[in-house]
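A short write-up of the structure that comes next.
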Amino acid sequence: MLLKVSGTLSQEDESYWFSLKTGLSIEVTRCTTRAGDGEYLFFVSFDNDIRVFVFSNKEEFGLFQVLKNVKGVGNIKASRILSLYDVQQLLNMIKAGDEHELALLPGIGERTAKRIVAELSGRLTHTRHDFDNDFMEVVNAACDLGYERNVVTELLNGSSEWRDKTLEDALRWVIRELNKKA
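Be aware that the sequence shown starts at 1, since it is given in full-length UniProt numbering, and climbs by one per residue.
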């Protein structure tokens, strides 16, 4: 679930809290370098427990979606990365292949850093579709059906025909196109 909320993001001891104008505060997992008053995006995850991730814009959320799908990363490590680097810094590190800087992050390590760079560096050169929500929804849905991520990504990057379709219709289009190639 994705929500757009206005309020204040602040740190108290080891926790981050989002305070709404009504006086209600929610403990959140910070996925942004920004803090203070403003409009934020909340992503509520129901994986193993209920956790609220907070982002300052859709770019951060899109990059979070991509990062968490890299083997060995997941929600928590992706949020940790985005809380330390803004989107542009992180994209520049990945494009430059700066595995060493990524490996210095808590919980990432050398192998995961190499995997992040390997999986994402090639995708960053194609298009900015990689980090938008519609793109990721279609890719994830196709992968859930057993299609390979790199094949689906290449197909979507090569055409904009799927763009004006609903998720279901875009997925049908992907399946139809991939079956033509098979």
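Using N, Cα and C, we set each Cβ at its ideal position, and we do this for glycine too.
- Shown here, residue 12 sits in a strand according to DSSP, grouped into three states.
- Excluding sequence positions up to five before and after residue 34, its CB lies within less than 6 angstroms of the CB of 56, all in the same chain and listed in chain order.
- Taking the Cα positions, residue 73 is about 10 angstroms away from residue 81.
- When only Cα atoms are considered, residue 155 and residue 69 end up about 19 angstroms apart.
- The Cβ atoms of residue 113 and residue 102 lie closer than 8 angstroms to each other.
- Short of 6 angstroms from the beta carbon of residue 110, and not among the five residues preceding or following it, lie these beta carbons of its own chain, in chain order: 103.
- For residue 72, no alpha helix (DSSP H) encloses it, and the DSSP letter there is neither H nor E.
- Annotated three-state conformation of residue 175 is helix, per DSSP.
- For residue 15, the CB contacts under 7 angstroms within the same chain, skipping 5 residues up- and downstream, are 27 in chain order.
- Here residue 3 carries a strand assignment [DSSP, helix/strand/coil].
- When DSSP states are grouped into helix, strand and coil, residue 32 belongs to the coil group.
- Going by C-alpha positions, residue 59 is about 15 angstroms away from residue 94.
- When C-alpha distances from residue 159 are compared across 146, 177, 145, 91, the shortest belongs to 177.
- If you draw a 10 Å sphere on the C-beta of residue 172, you find fewer than 16 other C-beta atoms in it, and that means exposed.
- Residue pairing by DSSP puts residue 40 in a beta bridge opposite 5.
- Residue environment: residue 39 is assigned as exposed (fewer than 16 neighbouring CB atoms within 10 Å of its CB, all protein chains considered).
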